[in-house]
Amino acid sequence: MRALAALAFALLTSTALAADLPQAVATGDLGLVIERASGSLVLIDRSDRAALGRIEGLGDLSHASLTYAPDERFAFVFGRDGGLTKVDLLTRTIAARTVQAGNSIGGAISDDGKLVAVSNYEPGGVKVFDAETLALVADIPAKGKTVGLVDVPGRRFAWTVWDTGEVFLGDFSGAEPAVEMIGNAGKNPFDAVLTDDAHTFLVGLFGEKGVTAFDLWNPAAPPQKFLTDYGKTGEDMPVYKMPHLQSWAFTEGQYALPAVGRHEILWVDRESQTQTAATPVHGQPVFIIAQPASPYVWVNFATPLNDVVQVVDSRSHEVVATLTPGKAVLHMEFAPRGAEVWISARDDNAVLIYDTRTREKVGEVQAEAPSGIFFTARAHQTGL
Amino acid sequence: MLEECAVLVLFAFPAMADVSADRARALEHMVTQDCGSCHGLTLKGGLGRPLTREALANADPEGLTLIILDGIPGTAMPPWRPLLTEDEALWIANYLKGKD
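Residue numbers (this note's numbering), protein chains in the order written: chain G, 88 to 471; chain L, 5 to 104.
Take a look at the structure:
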């Protein structure tokens, strides 16, 4: 009798295990693609080069971005309409959602994964939320539109203000937030980026020429402005899309920066912060992204020259490949070790997958008007 | 009275600007996607101002056309003249004024 019970238990357990196991999903090679016009996300599997499903109901996702919790299970999606949505990759559902402002432009997650900060245009400022519940933790108003929000180690965030040029460093590790103005970047900062070592917060300026560097290892140090006379000799071309700095390439001891109003990539020595070269490219650069574990950077361009992607060698500063993946290329995301790059072509309703060695197309995933592509490996990168 | 008629005609027939149906579709796409980069996909604003019909209630189409063509110096609004004809810019202005 007892043996029978034991057998029944064993059977039960093994049935339960059998039922559970095939459904177990690992998220390390998953990602999300933003479908900007339909307010939805496509869940993708990098290894299978396939779409797994769609998550809907996220509001206005024009210019949306997202970041991942350290467990790579949850994503926090920052919508244009002020919506902050927590998405569960396992159940493919919305776990929590709050419309926390009227108009927003991205966000970041703290190094410990506990806090999510959102950069708001209307009303201008930064709001900080509990990553578990999306309950409001702190509200830091600003005198304008906040841009360039990044996470800084130690439960901190840095950001700047388009209207005033002020740069702030906020520490949210204590009972009360401690927010400090660490300087003024200049006229109309349009975006900012943190170097991979979390040492330098680089603020790109639109209202004047130049980039301002803040030393976050020593926030009391005065900011350094560089590239200040760039382009003053020539007539600037119109900028039909603001460049993005989040993926400024840091490679070969250099920064690769998009010129604003010029069809060029600028190369700046990281140590001396002086320009060492300029590469003429196909159009106004939007994203310049380093191919991991390689000397190459990939660049896409503003409308109307946005059907081309170029590859530039950071040693010679020469364009080594010009690809035409599709219509209206908006974003590129590399596999963490660099083997593949996924490229969104908005007007082809497709994400194109390229092998980075052969630079040949190896796959394609359908998505409605895709923009940003985000692999879960971002969960472990400071500044993303 | 004459002036009123002219305004009415302009509003009732935004396609009066000399733009083909194909080109009109491309322009509509451009407004949503490219203008939308700064002004929001739903045109409720972003880095750029809102361009909803409500927000443009007091703007006249000719003025908007000039802003589209020449931009606003000192701001992020670029001149679109290299990419658009005057008729196309007027079509966009009327489209924005008449859009729900």
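Even for Gly, the Cβ is constructed at its ideal location relative to N, Cα and C.
Between residue 200 of chain G and chain L, the shortest Cβ-Cβ separation is not below 9 Å. Not one beta carbon of chain G lies nearer than 9 Å to the beta carbon of residue 65 of chain L. Here the alpha carbons of residue 184 of chain G and residue 277 of chain G stand approximately 27 Å from one another. When Cβ-Cβ separations below 9 Å define contact, residue 46 of chain L makes contact with chain G.
Taking a Cβ-Cβ threshold of 9 Å, the residues of chain L close to residue 329 of chain G are 41, 42, 51, 80, in chain order. Counting only residues of its own chain and dropping the five nearest sequence neighbours on each side, residue 364 of chain G has a CB closer than 7 Å to the CB of 354, 404. Per DSSP, residue 66 of chain L is one residue of the alpha helix (DSSP H) stretching across 65-74.
With a 10 Å radius around the Cβ and a threshold of 16 neighbouring Cβ atoms, residue 110 of chain G comes out exposed. Proximity of residue 427 of chain G to chain L, defined by a Cβ-Cβ separation below 9 Å, is not satisfied. Rounded to whole angstroms, the gap between the alpha carbons of residue 78 of chain L and residue 348 of chain G is 13 Å.
Residue 421 of chain G is positioned such that its CB atom lies no closer than 9 Å to that of residue 468 of chain G. Membership of residue 90 of chain L in the alpha helix (DSSP H) is indicated by the continuous run 90-102.
With respect to the 9 Å criterion, residue 453 of chain G and residue 138 of chain G are classified as neighbours on the basis of their beta carbons.
Taking 3 residues as the shortest admissible run, the region 168-207 of chain G contains the following complete beta strand (DSSP E) segments, listed from N- to C-terminal end: 170-175, 180-186, 190-196. DSSP places residue 445 of chain G outside both helix and strand once states are collapsed to three, so it counts as coil.
In this structure, residue 456 of chain G places its C-beta atom within 9 Å of the C-beta atom of residue 434 of chain G.
If you check the CB distance, residue 148 of chain G and residue 167 of chain G come in under 9 Å. The beta-carbon distance between residue 230 of chain G and residue 215 of chain G, rounded to whole angstroms, is 18 Å. This is too long to meet the 8 Å contact definition. Look at residue 122 of chain G here: in three-state DSSP terms it is strand.
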